[in-house]
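Below is one structure, written out as structure tokens; the observations come after it.
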Amino acid sequence: MRLVNRSCALVLALLFLLPAFVPAARADESLPRETQEHLVAAHAKWGVIEVILDELFNPDFRGPDHFRAALSYFCRHVSTIAAPALNRWVIRPERHYLGREFETALDRVHSRLEGFDLGIGFCNSPDTAVWQQTADKFHALIKEQTAETKAIFRKIPCPRITMSPDLQREVIRDELEIIHAFLVNQDEIHHWTPVAAGATSPSPAEVKRVAMQHAQVIHITLAMLEYVLANRAALPREVQEGLTALHAKLTREKATSLRVIGQGSFDWQKMHDTFHQVFDRANREVEGIRMAW
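If you read the sequence shown in the working numbering, its first letter stands for residue 744, the second for the next number, and so on.
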């Protein structure tokens, strides 16, 4: 199992039960207990979104033209997944407990993250000369906004307390819903591959690029599952078993996909259909586990 490459992310997942995290800003012990618990909840849910943002830049998933390969993909995942998730599962439900200062700060970065979407049309541009320059610019902007969001969360108090069972259950269900939303989004942005003007089918390089993106989706899903599973003590046995089994399946799928990519022989339609079957099955399993709890 490849653990998420951020010790703080795993520690945040364990905050439900273990007093292991000391935030940059100390918690105000005078805060009502309910407020303290919801601040912990905000940190925990942000942790799942942070996984998405951090793993988008994993160098293991660079395609043959990695600047072009990554650019539209990064921007769409930031704008259509990370930004809405931050707003829906962190800012809106916890705004009363965050307070005006932190709510305003998070609203500001949410708006900026939401604007990162170049669209599929730009990804088809034949002007490769502009791609690297644009990629450098947008990679830097996305990383800057991610760093700013992390800095805000370092200032938000994170009390070393145990959440109530009901809130703990709600938070974990929200974390699973973020994973569900991530997988649902794949159907929208992965049912295409660019075809150069005058060509009848995608080039091998373009097919490999999209195959690497598909494999990265599996990898990011695995990282998010690891984040949730890090809090095993708070998970009912059947939920833990279901997520562990799904993690094992996706680990095998990731290994298979990377092996096929390494061999360099692609049947585009078969590869495309297989990946979407994997996404759909994982999505249904995550949602089934969440709804059954």
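All C-beta atoms in this analysis are idealised placements derived from N, C-alpha and C, irrespective of residue type, glycine included.
- Okay, do the segment 878-888 and the segment 921-930 touch, 3+ Cβ pairs below 8 Å being the bar? They do not touch, by the three-pair rule.
- What three-state label does DSSP hand residue 904 in the structure shown? For residue 904, the three-state secondary structure derived from DSSP is coil.
- Could you tell me the distance, in whole angstroms, from the CA atom of residue 912 to the CA atom of residue 876? Looking at the two C-alpha atoms, the distance is approximately 45 Å.
- Query: According to the neighbour-count rule (16 or more other Cβ atoms, all chains shown, within 10 Å of its Cβ), is residue 1070 buried or exposed?
  - Reply: For the chain, the structure presents residues 744 to 1036; residue 1070 sits outside this window and is missing.
- What are the boundary residues of the alpha helix (DSSP H) that residue 985 is part of? Where residue 985 is concerned, the enclosing alpha helix (DSSP H) stretches over 980-1006.
- Query: Is the segment 821-834 in contact with the segment 842-854, if contact means three or more CB pairs nearer than 8 Å?
  - Reply: Cβ pair count under 8 Å is three or more, so yes.
- Closer than 7 Å by C-beta to residue 997: which residues in its own chain qualify, once you throw out the five before and the five after it? Chain order, please. Cβ neighbours of residue 997 beyond the five flanking positions: 958, 961, 962, 965.
- Task: Please list, in chain order, all residues of the same chain as residue 896 whose beta carbon is under 6 Å from its beta carbon, the five residues on each side excluded.
- Result: Take residue 896, set aside five residues on each side of it, and the residues of its chain with a beta-carbon closer than 6 Å to its own are 789, in chain order.
- Where do the ends of the alpha helix (DSSP H) carrying residue 841 lie? 835-841 is the extent of the alpha helix (DSSP H) around residue 841.
- Message: Less than 6 Å between C-beta atoms, sequence neighbours within five positions excluded: which residues of the same chain meet that for residue 904?
- Response: Result list for residue 904: 779, in chain order.
- Please report the residue range of the alpha helix (DSSP H) in which residue 778 lies. Residue 778 -> alpha helix (DSSP H) spans 776-798.
- Distance, residue 1031 Cα to residue 1006 Cα: So the alpha carbons of these two residues sit roughly 35 Å apart.
- Segment contact flag, the segment 1021-1036 with the segment 973-990, C-beta cutoff 8 Å, min 3 pairs: With a cut-off of 8 Å on Cβ pairs, the segment 1021-1036 is in contact with the segment 973-990, counting three or more such pairs.
- Query: What is the residue span of the alpha helix (DSSP H) that residue 1022 lies within?
  - Reply: 1011-1035 is the span of the alpha helix (DSSP H), which, as asked, contains residue 1022.
- When the distance is taken between beta carbons, is residue 899 closer than 7 Å to residue 845? With contacts defined as CB atoms closer than 7 Å, residue 845 and residue 899 qualify as a contacting pair.
- Query: Helix, strand or coil: how does DSSP classify residue 859 here?
  - Reply: DSSP, reduced to helix, strand and coil, places residue 859 outside both helices and strands of the structure shown, so it counts as coil.
- Straight-line Cα distance separating residue 776 from residue 804: A direct Cα-to-Cα measurement between residue 804 and residue 776 gives close to 43 Å.
- Query: Since residue 976 is in the alpha helix (DSSP H), which residue starts that stretch and which ends it?
  - Reply: Element bounds for residue 976: n/a, residue is neither H nor E.
- Query: Going by alpha carbons, who is nearest to residue 969 out of 782, 908, 794?
  - Reply: Out of 782, 908, 794, 794 has the C-alpha closest to the C-alpha of residue 969.
- Message: Taking the alpha-carbon of residue 918 as reference, which of 894, 1002, 982 has the nearest alpha-carbon?
- Response: Comparing Cα-Cα distances from residue 918 to each of 894, 1002, 982, the minimum goes to 982.
- Three-state secondary structure assigned by DSSP to residue 801: Of the three classes helix, strand and coil, the one that applies to residue 801 here is coil, per DSSP.
- Task: Classify residue 899 as helix, strand or coil using the three-state DSSP reduction.
- Result: Under the three-state reduction of DSSP, residue 899 is assigned to coil, being neither helix nor strand.
- Sorted by chain position, which residues of the same chain lie with C-beta nearer than 8 Å to residue 906's C-beta, five sequence neighbours on each side aside? Here the set comprises 759, 780, 783, 784, 914.
- Best match in 833, 977, 798, 834 for proximity to residue 821 [C-alpha to C-alpha]: Here the closest residue by C-alpha is 798.
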